[in-house]
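Numbering (our numbering), first residue to last: 2 to 291.
All C-beta atoms in this analysis are idealised placements derived from N, C-alpha and C, irrespective of residue type, glycine included.
Below is one structure; the comments refer to it alone.
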């Protein structure tokens with residue numbers, strides 16, 4: 002296992018590779034507009050059959066054993082998320098990660114209005130705590146966290162230069178109202194974050210809504226994200242070694258993330274779109290290697 006924690010490493014001698022996972026949150030209210038939701042085992046069975054290798058979860062004492070047992074039954078790896086407002090929040094998640102054998106954790110730090118120095122302490126101390134227990138920790142870029150916009154996130158980099166990110170770029174795109182037009186310079190504006198990204202979330206924004214249906218993924222909006230993802234992957238590959246794994250998680254949220262009709266029903270099939278996210282991640286990975 003790597004000890005620098007810049008990348009997740011699976012301890013193997015395999016060449017650097019992409020690993021696509023699925024979010025447990027994204028499986029809420031599936032199948033689409035059905036009267037009966039899939040059971041946990043049905044969800045994980047479909048995730049496994051579709052070729053996903055891991056499930057990203059937010060767990061507590063009430064559900065950790067049920068979820069971990071189901072993951073084990075279906076041969077799926079575990080990733081843990083948390084939102085720290087204080088060091089003890091990260092400590093609890095690290096202990097859960099060690100107890101359950103999670104591959105790594107990611108953090109959504111505080112909120113957008115927290116003082117920079119407060120967030121720096123949370124992240125710096127949290128990284129030290131996680132690394133002391135052998136757990137990589139990445140910091141997610143996300144709305145209503147300190148990392149909701151590019152300038153604040155760059156301020157965080159300046160204070161914690163060894164920070165590594167979970168890049169949910171849909172948030173930057175909707176906050177910055179980027180459409181993917183060349184003269185916006187979105188990739189260059191994001192570059193300090195993309196250069197430090199070790200984990201991606203698969204959700205696509207059109208610059209106005211944080212999550213949109215992209216059809217088969219061949220359109221300009223989806224391909225804009227493929228370009229951003231491939232830049233992050235290309236930087237990650239520089240210096241990557243045996244056993245290093247780049248995790249990509251399909252994360253398409255249920256309502257209210259998902260756009261609904263007036264009667265509350267969804268018009269986009271999130272399960273089918275999650276398969277598109279997987280294909281787009283694979284496209285970005287191939288592009289990053291070319």
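How would you call residue i, buried or exposed, if buried means at least 16 neighbouring beta carbons within 10 angstroms?
| i | result |
| --- | --- |
| residue 20 | buried |
| residue 207 | buried |
I need the DSSP call for residue i, collapsed to helix, strand or coil.
| i | result |
| --- | --- |
| residue 267 | strand |
| residue 82 | strand |
| residue 208 | coil |
| residue 199 | strand |
| residue 168 | strand |
| residue 273 | helix |
Which value, in whole angstroms, describes the spacing of the CA atoms of residue i and residue j?
| i | j | result |
| --- | --- | --- |
| residue 10 | residue 17 | 9 Å |
| residue 141 | residue 107 | 6 Å |
| residue 280 | residue 250 | 12 Å |
| residue 60 | residue 163 | 27 Å |
| residue 100 | residue 135 | 12 Å |
| residue 209 | residue 149 | 15 Å |
| residue 117 | residue 89 | 18 Å |
| residue 190 | residue 225 | 14 Å |
| residue 290 | residue 223 | 19 Å |
| residue 31 | residue 57 | 16 Å |
| residue 227 | residue 285 | 5 Å |
| residue 95 | residue 64 | 16 Å |
Pick out whichever of the options has its Cα sitting closest to the Cα of residue i.
| i | options | result |
| --- | --- | --- |
| residue 161 | 130, 121 and 71 | 121 |
| residue 77 | 66, 55 and 47 | 55 |
| residue 70 | 152, 132 and 103 | 103 |
| residue 83 | 138, 132 and 290 | 138 |
| residue 247 | 258, 289 and 200 | 200 |
| residue 46 | 235, 159, 212 and 23 | 23 |
| residue 172 | 151, 159, 155 and 156 | 151 |
| residue 93 | 115, 40 and 127 | 127 |
| residue 7 | 41, 39, 109 and 129 | 129 |
Determine, using beta carbons only, whether residue i and residue j come nearer to each other than 8 Å.
| i | j | result |
| --- | --- | --- |
| residue 259 | residue 269 | yes |
| residue 245 | residue 204 | no |
| residue 174 | residue 144 | no |
| residue 81 | residue 72 | no |
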